[in-house]
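Enquirer: Residue numbers (the working numbering), protein chains in the order written: chain A, 1 to 283; chain B, 284 to 543.
Glycine residues also receive a C-beta, built at the ideal position from the N, C-alpha and C atoms.
#1: Check for me: the beta strand (DSSP E) holding residue 524 of chain B runs from which residue to which?
#2: Looking only at C-alpha atoms, which of B:518, B:387 and B:365 sits nearest to residue 461 of chain B?
#3: Please classify residue 462 of chain B: does DSSP put it in a helix, a strand, or coil?
#4: Where does residue 81 of chain A sit, in a helix, a strand or coil, going by DSSP?
#5: Report the CB separation of residue 444 of chain B from residue 479 of chain B in whole angstroms; it is logged as a contact under 8 Å.
#6: Just reading off the beta strand (DSSP E) that residue 86 of chain A is part of, what are its end residues?
#7: Does the beta carbon of residue 206 of chain A come closer than 8 Å to any beta carbon on chain B?
#8: Which same chain residues end up closer than 7 Å to residue 178 of chain A when comparing Cβ atoms and leaving out the 5 residues on each side of it in sequence?
#9: Residue 604 of chain B by DSSP, collapsed to three states: which one?
#10: Quick check: what's the CA-CA separation for residue 428 of chain B versus residue 200 of chain A?
#11: Please report how far the alpha carbon of residue 418 of chain B lies from the alpha carbon of residue 446 of chain B, in whole angstroms.
#12: Kindly indicate which residue of A:258, A:252 and A:246 has the alpha-carbon position closest to the one of residue 30 of chain A.
#13: Can you tell me which of the three DSSP states residue 39 of chain A falls into?
#14: Near residue 541 of chain B, which residues of its chain fall below 6 Å by C-beta distance, leaving aside the five closest residues on each side in sequence?
#15: Using a Cβ-Cβ distance cut-off of 8 Å, determine whether residue 203 of chain A contacts chain B.
#16: So, is the C-beta of residue 537 of chain B closer than 8 Å to a C-beta in chain A?
#17: Go ahead and pull the three-state DSSP assignment for residue 378 of chain B.
#18: Report all residues from its chain with a CB closer than 7 Å to the CB of residue 244 of chain A; omit the five preceding and five following residues, and keep chain order.
#19: My output table needs one value for residue 423 of chain B: the three-state DSSP class, helix, strand or coil.
#20: On the CB-based measure, 16 or more other CB atoms within 10 Å of its CB, does residue 192 of chain A come out buried or exposed?
#21: For residue 64 of chain A, count neighbouring C-beta atoms within 10 Å of its own C-beta (all shown protein chains included) and say buried if the count is 16 or more, exposed if not.
#22: Given a limit of 9 Å on CB to CB distance, which residues of the stretch 162–187 of chain A reach chain B?
#23: Taking the C-alpha atoms as reference points, what is the distance between residue 467 of chain B and residue 503 of chain B?
#24: Using a Cβ cut-off of 8 Å, pull out every chain B residue sitting near residue 249 of chain A, in sequence order please.
#25: Less than 8 Å between CB atoms is the rule here; does residue 421 of chain B satisfy it with respect to chain A?
#26: Tell me the DSSP secondary structure of residue 363 of chain B in three-state form.
#27: With 8 Å as the threshold, decide whether the Cβ of residue 189 of chain A is near any Cβ in chain B.
#28: What residues in the stretch 69–89 of chain A bring their beta carbon closer than 7 Å to a beta carbon of chain B?
#29: Using a Cβ cut-off of 7 Å, which residues of the stretch 495–514 of chain B contact any Cβ in chain A, in chain order?
#30: What separation, rounded to the nearest whole angstrom, lies between the Cα atoms of residue 219 of chain A and residue 452 of chain B?
#31: Listing by chain order, which chain A residues have their CB less than 7 Å from the CB of residue 350 of chain B?
#32: Give the residues from the stretch 363–385 of chain B that approach chain A closer than 9 Å (Cβ to any Cβ), ordered along the chain.
#33: Of all Cβ atoms in chain A, is any one closer than 8 Å to the Cβ of residue 540 of chain B?
#34: Express the C-alpha separation of residue 257 of chain A and residue 152 of chain A in angstroms, rounding to a whole number.
#35: Hey, does residue 101 of chain A have any beta-carbon neighbour from chain B nearer than 8 Å?
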């Protein structure tokens, strides 16, 4: 497959036409973005990384004290690993009491940080890049087709592609589920109506756990895509600076492929490199 | 900016190396991923399974004090625990915990068991099991919430602690209550608000029978408003105090308040 060495993707016009009904993103001239992510977003992102890791690992240590969901004397339908402890190296806090102290201290960091992020994104209008829109389903299929090599050129879908939008939009909601179910199992008597909303203490514990699984699943996918598709965004979440030249759209970035800018990507073997076709030779 | 140019120059040099080295770019790509992932992984592994940095302890203690004040604000005498109608009683699956190596059984050679209620009260008294039964009895089917995360349902019969307090009349300065047992040196002290919650009781019956030795007989403290470890079994003394007096598990690092 011949690669263009510079300039627009061959199918840019087509891609832009399929990208969205309302906005039609196009690739502008390559430039260096100074503030791809606002300082508040950058700070809350990394605080969330630490808080989520500590909350998940200390939560798993707490879970290990009773790695099951059934009420005593009953059975539980919906967890296949009932009674099987989480490996200790995945946990944090050392012992049940220690893990509880970390969990109940870090929960404030997680909640305040989350509220600052959501508040900023709401007031500043950055949510417009994240909120689902009509056409996102089609955009998701376009992205998947691109990653599966069915579609040739990276779709142009704005700051975040539809897969990213889905993940980043879901995260605060899953976070809210985790926080509310967490409060429900922290105070099942004082806040009994909240616990009842989750189906009682046993189920609130289950949703708290499953929310964690979902959030870590999305986070793992996010980290994988950062390293496998667009490691150039890593500095942008620290300094805010992003070299547009390395945008996946310009590199045709797929997981593990095309990590280099297009102009630096190795080209297919040319006719000179290929063994000369000798008539009658071995085929 | 010069660093932008420098960045691009370095990228160009890097790609030059990748493209010219035979098969080099695949290796370098892997190398990049391994280094990046490895650094993050190593940092995480270093933290795994550990109790966390020692210096954090003061912050954690501070957070626990703040959490206690939040829990006290949330606390209501009108908040009640009710076990779900469709939920089953734990029955024989109700865990039996004690500190002593064997099931603690009241040593009758010291005389018959009695509950001593003392401290900052107008009339310190001793209640035999029969005395307790003469006080207004309540039976409530409620959840047990263990610090470990499990819950269990049983029907408990006994006398409300607030009814007991009405008999001995604690002084206004009695802000805490210590519940002591004959199970080694087990005790847990409570704030008076939680102790006088309508669901906090001295239980002598469980699931329609007298409280057995496995579950804290002859009588135990029982309440859904505190975690299981705060509910002293094998009860011998209820002491009204002006200050908190720690507790068996609280002194080992579990939260003293332990409210639900």
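Expert: On the basis of the supplied data:
#1: 518–524
#2: B:518
#3: strand
#4: coil
#5: 6 Å
#6: Looking at the DSSP string, residue 86 of chain A is not in any beta strand (DSSP E), and its letter there is neither H nor E.
#7: no
#8: 208, 211, 212 and 215
#9: The question about residue 604 of chain B has no answer here: the residues shown for chain B are numbered 284 through 543.
#10: 12 Å
#11: 8 Å
#12: A:246
#13: helix
#14: 509, 510 and 513
#15: no
#16: yes
#17: coil
#18: 30, 31, 32 and 33
#19: strand
#20: buried
#21: buried
#22: 185, 186 and 187
#23: 15 Å
#24: Ordered by position in chain B, no residue passes the 8 Å Cβ test against residue 249 of chain A, which lies about 18 Å from the chain.
#25: no
#26: coil
#27: yes
#28: 71, 72, 73, 74, 88 and 89
#29: 507 and 508
#30: 57 Å
#31: 104
#32: 363, 364, 365, 367, 370, 371, 372, 373, 374, 375, 376, 377 and 378
#33: no
#34: 13 Å
#35: yes
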